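In what follows, a single structure is set out as structure tokens and then discussed.
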Amino acid sequence: MGEKRAPSGVKLIAFAVFASLAVVLVVRSITLLVIGPAEFWVIGLLGVLCAAALELTWVRVGTVPHRTPVVSLPVLALPALAPAIPPAGGGMGLVVLGVALALLVESRRVSVALYSAGLVGAGCIAAVLVSAGMLSAGLPELLAVAIGSGAYVVFIVIVESLRRRFTRPQVDLGGLRALAPGRFIVAVVGCGALASGLAFWSDNHVPIIDSATEAIIVVLLGLAVTAVGVKAANSRTAMRRLLRGLIAGGTRLIEGNRAAAAASRLPGSGGTSDADADDIAEILCRAVEDTIGVESVSVRTQPPQPGELGVRVSLVAGLSQFVVAVRDPMDGAFSADDRSAIETLAYTAEAVDETRHNIGGLTVRANTDPLTGLPNYGSFQVALANINDNRDYSEAIAVLFIDLDDFKRMNDRYGHAVGDSILREIGHRLSDVVRPHDVVARVGGDEFVVILTHLKSLGEANIIAERIMSATGEPMTVDTVTVLPVVSIGLAYSAHRETDITELLKDADRSMLAIKKSRRRGGPSKESSINISGHRSSEMNDIVARAIDEDLLQIAYQPIVSLVTGQIWAFEALVRYTHPELGPLSPSSLVEKAKGLGRLDKLTQQVAVKAMAAANDFRLIEPRIVCMTINVEAGQIVPKRVGDFVEELAERYPRISLCLELNERSMARVTPAIRAQADRLRELGLMIALDDYGSQDSSVDALVRMPMDILKIDRSLVDDLDDVRQREVLTALQGFGDNLEYSMIVEGVENQAMADHLGALGIRSAQGFHYGTPQSFENTVARLEEFGARAVLPRRLPPLVDAAAHAAAPDSATDAAAPAGDSDVLAVPAPV
23 MGEKRAPSGV KLIAFAVFAS LAVVLVVRSI TLLVIGPAEF WVIGLLGVLC
73 AAALELTWVR VGTVPHRTPV VSLPVLALPA LAPAIPPAGG GMGLVVLGVA
123 LALLVESRRV SVALYSAGLV GAGCIAAVLV SAGMLSAGLP ELLAVAIGSG
173 AYVVFIVIVE SLRRRFTRPQ VDLGGLRALA PGRFIVAVVG CGALASGLAF
223 WSDNHVPIID SATEAIIVVL LGLAVTAVGV KAANSRTAMR RLLRGLIAGG
273 TRLIEGNRAA AAASRLPGSG GTSDADADDI AEILCRAVED TIGVESVSVR
323 TQPPQPGELG VRVSLVAGLS QFVVAVRDPM DGAFSADDRS AIETLAYTAE
373 AVDETRHNIG GLTVRANTDP LTGLPNYGSF QVALANINDN RDYSEAIAVL
423 FIDLDDFKRM NDRYGHAVGD SILREIGHRL SDVVRPHDVV ARVGGDEFVV
473 ILTHLKSLGE ANIIAERIMS ATGEPMTVDT VTVLPVVSIG LAYSAHRETD
523 ITELLKDADR SMLAIKKSRR RGGPSKESSI NISGHRSSEM NDIVARAIDE
573 DLLQIAYQPI VSLVTGQIWA FEALVRYTHP ELGPLSPSSL VEKAKGLGRL
623 DKLTQQVAVK AMAAANDFRL IEPRIVCMTI NVEAGQIVPK RVGDFVEELA
673 ERYPRISLCL ELNERSMARV TPAIRAQADR LRELGLMIAL DDYGSQDSSV
723 DALVRMPMDI LKIDRSLVDD LDDVRQREVL TALQGFGDNL EYSMIVEGVE
773 NQAMADHLGA LGIRSAQGFH YGTPQSFENT VARLEEFGAR AVLPRRLPPL
823 VDAAAHAAAP DSATDAAAPA GDSDVLAVPA PV
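Taking our numbering, I'd label the letters of the sequence shown as residues 23 to 854.
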């Protein structure tokens, strides 16, 4: 709902005009009646009553009740009065007087009565003028009356639409039109037809009645009785709506209470809260809206204003509130039945709120450990299942199973009171160290569990576990006893939603028990320990296996450029996979899963085939493209794994150099056979690159012992080239490479300033976002066709980034790269 607009000058002027018009017309009609024949008083009184009855019977021309314009039809009294009291001779004033009296009784607001009466008076003037115009144009009288009465409806709808637009709150119509064309046309045509018929009958055409005055009286009485009958029928419909609304509203409140009660069983819900009261208030507002028909309804601290319907409601302890309904004054005033309905709904909401608090308190006690105030085992199980079921597949969680060692001995030595105090303090420390969205529970005598949510990596879970271990291991003094707690923590990490979440808890428990077994076998017994489970998600295993077995992997290509020529000379192939439901999968997780499933070699072969075919197409467009690189682990290059395969693949594309990037982490397991195979591949024309040099796992040993053609420098060594130490290291590595006859490529070049720094240091090849993000085959072809081998694209063009290229890249060897942000790209020595 939009906020109500403050009264504007236009609104005040419109009110003044219509109110003045109403007063003038009423005074004029009364004056004319005073000086007129006595029988006109009877007809005039009937005309006033007839107009009043017609005013209380509305025709809705919009499709949304109480939020779109309505039209009343007191104008129908004019043609009935016309033979005795013409419109200009006081008929319009009598209609206006009837409207004013009816609304004054219904709304008890003088301003609403005067405005509405004036609006009807203006509409009657418009109807009379249009009718006169039609008569002067030669149309029959009855047709002219019909057209004039239809013009009245058009005039009222236009004025009311403008008033609602500029002076009422902006309301949501649910995509429906404020004015329904069908309803509008029926209102115009119907009003015209009725007016024409009334004019015909009142003009002394009532059967059996010869007197014109009696005919007018009969027509006015019939019109008034009909209007009253329609009003009564509408009232019955409104009562049925009230009854249905009360039933539906009460049902909603009860159902909302059941849902809240179920939610309150979850750990960390805290039973009931002000948020629960907000939920009940929202349901109450919807129930009131559906029951009595309103423009807007709210629960607020301010009491209702004139023209609003409101009752007191208590949903928050110590706070006085009101449920207030607002209806457009022109849409009918609130009735006593409306007040009774809103009072009933407010009382129901209060009862539901009280019940919720009572149920919530019982639920909290049933699901809480009485000693520590933490959730108990049953509550923890519900929480774990809900967290797993409602998390995104990309959201990781972890379960920590925590055991307080030697607690039984402390309990026996110091007494149960001290033991209880120790458990309470451990519970407090756990609650203090975890994040607000994590869950802590006590599941046994000296056992606690923690659910870590919204994790990004296993490393993050381990960091939090270490904080927990540090906090719980601090000395504590209970009475006169000082103890140094020792805890065993089993950690099970889940990167994706689990099909059986209980397996995660079992893994955490087994990991914790492994520490205790180690202690019994002579392991460290006086210090806390963490053991990380090797848990893996069965859901992800199935997804990755299917993606590889059905060859569904996609490849993104990132350029490698020569800083000397400013041209692209190679591309690195990066594996990507987008699941139809889960979206892009993490490349690092993809590679690790493939490795665990024994499909790493198959994945590498699929990447190599697609990459070399793409390189051949790239070279047809741009002959400067001479190399394609793929990521492999060092152990994969032996003949029985992918060694023979890449030899045959390289022979198929003699004009493209295939470069195998060996991840730095895999170099720790290099054997003489692997080094011999690397030499053999180099002799056959393949290239060997050492990737990610300078990362945390880097060692000089890899530079000395592994034959290679390219050294790729990790971005961590170039993140601050203003640092003289980074520049000196790069210079030394460049000289080292020149002496040992290998080329060097610097990754992670983000901007021109970095490129200029590297050029000044004599670096000859680079890759990074400055030269292009990883792109699909189609986007890479489009780039080469438009810009050729140009290294840096014009700034006027947005980067060609597709969804596959934006998937988080792994730091695993075969992902075809480290994270996309690392600008990893397979490379071959740049021509200089």
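Cβ atoms here follow ideal geometry from the backbone N, Cα and C, with glycine treated the same way.
Here the structure is a predicted model, which is why all the values come from computation and not from measurement.
- One Cα belongs to Ala104, the other to Ser129, and the distance between them is close to 30 Å.
- Taking Val210 as the centre and dropping the five residues before and after it, the same chain places the C-beta of Gly172, Val175 and Val176 closer than 7 Å to its C-beta, in chain order.
- For the 8 Å CB-CB criterion, Gly512 and Arg489 do not form a contact.
- Along the length of the stretch 621-695, whole beta strand (DSSP E) runs at least 3 residues long occupy 649-654 and 679-685, reported in chain order.
- Residues Val333, Val335 and Val345 of the same chain have their beta carbon placed closer than 6 Å to that of Ala368, with the five preceding and five following residues left out of the count.
- Annotated as distal: Ala592 and Ile577, with beta-carbon spacing of 8 Å or more.
- An exposed status is given to Gln327, since fewer than 16 other beta-carbon atoms sit within 10 Å of its beta-carbon.
- Under the 10 Å beta carbon count, Ile364 is surrounded by 16 or more other beta carbons and is classified as buried.
- Separation of the CB atoms of Leu506 and Leu422 is rounded to 20 Å, and the pair is thereby denied contact status at 8 Å.
- Glu447 and Asp529 have their C-alpha atoms spaced approximately 26 Å apart.
- Per DSSP, the unbroken alpha helix (DSSP H) holding Glu488 starts and ends at Leu480 to Thr494.
- Taken in chain order, the unbroken stretches of beta strand (DSSP E) that lie wholly in the stretch 764-817 and span 3 residues or more are 765-768.
- Listed in chain order, the non-local C-beta contacts of Val48 below 6 Å within the same chain comprise Gly115, Val118 and Leu119, local neighbours out to five positions each way being set aside.
- When the five nearest sequence neighbours on each side are left out, the beta carbons in the same chain lying within less than 7 Å of the beta carbon of Ser320 are those of Cys307 and Val346, in order along the chain.
- In this structure, Ile659 sits near Ala700, with a CB-CB distance shorter than 8 Å.
- Ile554 carries a strand assignment under DSSP once its states are collapsed to helix, strand and coil.
- Under a 10 Å Cβ-count criterion, Asp359 is classified as exposed, with fewer than 16 other Cβ atoms of the shown protein chains found around its own Cβ.
- Contact annotation: Ala493 and Arg451 have beta-carbon atoms nearer than 8 Å.
- The beta carbons of Leu477 and Asp442 sit about 32 Å from each other, so the pair does not count as a contact at 8 Å.
- The residue among Ala672, Arg677, Gly466 and Phe799 with its C-alpha nearest the C-alpha of Gln580 is Phe799.
- Pairing Val692 with Gly657, the inter-Cα distance amounts to about 7 Å.
- Judged by DSSP in its simplified three-state form, Phe356 adopts coil rather than helix or strand.
- Your pair Gln628 and Leu575 checks out as a contact, with CB atoms roughly 6 Å apart and the cut at 8 Å.
- Of the residues Thr235, Val771, Lys624 and Ala567, the one whose Cα lies closest to the Cα of Arg663 is Lys624.
- If you look at Gly437, you'll find it isn't in any beta strand (DSSP E); DSSP assigns it neither H nor E.
- In chain order, Asp391, Thr394, Leu396, Asn398, Gly449 and Phe470 place their CB closer than 7 Å to the CB of Arg464, counting only its own chain and leaving out the 5 sequence neighbours on each side.
- Taking all protein chains in view, the Cβ of Met261 is surrounded by fewer than 16 other Cβ atoms within 10 Å, so the residue is classified as exposed.
- When rounded, the separation of the alpha-carbon atoms in Ile552 and Pro325 is 59 Å.
- Following the DSSP letters along the chain, one finds Thr189 in no beta strand (DSSP E) but inside the alpha helix (DSSP H) bounded by residues Glu163 to Thr189.
- Secondary structure at Met114: helix, using DSSP grouped into helix, strand and coil.
- Shortest Cα-Cα distance from Glu372 to any of Glu304, Arg431, Arg349 and Asn410 involves Glu304.
- Apart from sequence neighbours up to five positions away, the residues of its chain that approach Gly140 with a beta-carbon distance below 6 Å are Phe40, Ala41, Leu43 and Ala44, ordered along the chain.
- Under the DSSP assignment, Ile314 falls outside any beta strand (DSSP E); it carries neither an H nor an E label.
- Here the alpha carbons of Val252 and Thr79 stand approximately 7 Å from one another.
- CA-to-CA, the gap between Val461 and Val472 works out to about 6 Å.
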